[in-house]
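Just below is one structure, and these are the notes that go with it.
In the numbering used here, the protein residues as written are 1461 to 1670.
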């Protein structure tokens, strides 16, 4: 696999995860609908900042593992691929619905940004995701890890901005798409699950063939 192919796989997986309705998305929409576009974009900025912190510790963990315990790197690739597959199966079997959006409890755009940051950092699934996913795509054979981490962090921020920022700008349309539209959200989850399964198979093959 080439480096560009590796980045495309990462983007596919990243987009599939971010587009699934969840805590971050609902927080952005609640702020945008309650307090306007500015608050929704501030919430998006906070979530992006939290995502960059997750990217930082994910890259640090991979770099530490690759330098101190390289013998564990391949097993971690396989475990991470199996974890991705499990998430994919779970998404395909689940019925993701958004029944309502509560009122945003933020009183200013600064508070929306700060709470978005904290909300992202407090998500325990994000920590498991980063520890399992980053080793799949941050590879020593592609060169120094730091530049790779910068590129992947930028891709994460850009994807979050595109999805969450787009929803903040078009909050009314996004609300109609998600709230009470069970078929749309269920299919979003299933498609994301299929993407995860496809990427997990590729990375599992790569891990076993290393």
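Yeah, the Cβ is synthetic: ideal placement off N, Cα and C, and Gly gets one too. As the structure is a computational prediction, the values presented were derived from the model and not from experiment.
Excluding sequence positions up to five away, which residues of its chain have a Cβ less than 7 Å from the Cβ of residue 1475? 1619
Just the Cα atoms here: how many angstroms apart are residue 1631 and residue 1534? Taking the straight line joining both Cα atoms gives about 43 Å.
In chain order, what residues of the same chain lie with their CB nearer than 7 Å to the CB of residue 1624, ignoring the 5 residues before and after it? 1484, 1485, 1488, 1504, 1507
Nearest-angstrom Cα distance between residue 1627 and residue 1517? 28 Å
Could you check the C-alpha separation between residue 1472 and residue 1596 for me, to the nearest Å? Taken atom to atom, the span from the alpha-carbon of residue 1472 to that of residue 1596 is near 13 Å.
Buried or exposed: which applies to residue 1616, given that a residue is buried once 16 or more other Cβ atoms fall within 10 Å of its Cβ? Answer is buried; the Cβ neighbour count reaches 16.
Below 6 Å CB to CB, which residues in the same chain sit around residue 1569 once its five sequence neighbours on both sides are set aside? 1498, 1499, 1502
Can you list, in chain order, the residues of its chain with a C-beta nearer than 7 Å to that of residue 1513? Leave out the 5 residues immediately preceding and following it. Close CB contacts of residue 1513 within its chain, under the 7 Å cut and outside five residues either way in sequence, are with 1581 (chain order).
Taking residue 1649 as the reference, which of 1462, 1468, 1479, 1467 has the closest Cα? 1479
Distance, residue 1633 Cα to residue 1621 Cα: The straight-line gap separating the alpha-carbon atoms of residue 1621 and residue 1633 is approximately 17 Å.
Within 10 Å of its beta-carbon, does residue 1540 have 16 or more other beta-carbons around it, so buried, or fewer, so exposed? So residue 1540 ends up on the buried side.
Beta carbon of residue 1433 nearer than 8 Å to that of residue 1657: Summary: the structure shown does not reach residue 1433, with the chain confined to residues 1461 through 1670, and so no result is reported for it.
Just verifying my parser: in three-state terms, what is the DSSP assignment at residue 1493? helix
Mind checking which residues open and close the alpha helix (DSSP H) that includes residue 1602? Counting along the chain, residue 1602 falls outside any alpha helix (DSSP H), and DSSP gives it neither H nor E.
Look up residue 1572 in the DSSP assignment and say whether it is helix, strand or coil. helix
Let's see if you can read the secondary structure: which residues bound the alpha helix (DSSP H) around residue 1554? Counting along the chain, residue 1554 falls outside any alpha helix (DSSP H), and DSSP gives it neither H nor E.
Pick from 1520, 1552, 1465 that is closest to residue 1651, judged by C-alpha positions: 1552
Coil, strand or helix - residue 1630 by DSSP: coil
To which residues of the same chain is residue 1659 closer than 7 Å at the C-beta, ignoring the five residues directly before and after it? Once the five neighbours on either side are set aside, the close Cβ partners of residue 1659 are 1469, 1472, 1473, 1544.
Residue 1574 versus 1491, 1481, 1664, residue with shortest Cα-Cα distance: Across the set 1491, 1481, 1664, the C-alpha of 1491 shows the shortest separation from the C-alpha of residue 1574.
Taking 7 Å as the limit between beta carbons, can you name the residues of its chain near residue 1655, skipping five residues before and five after? 1472, 1473, 1476
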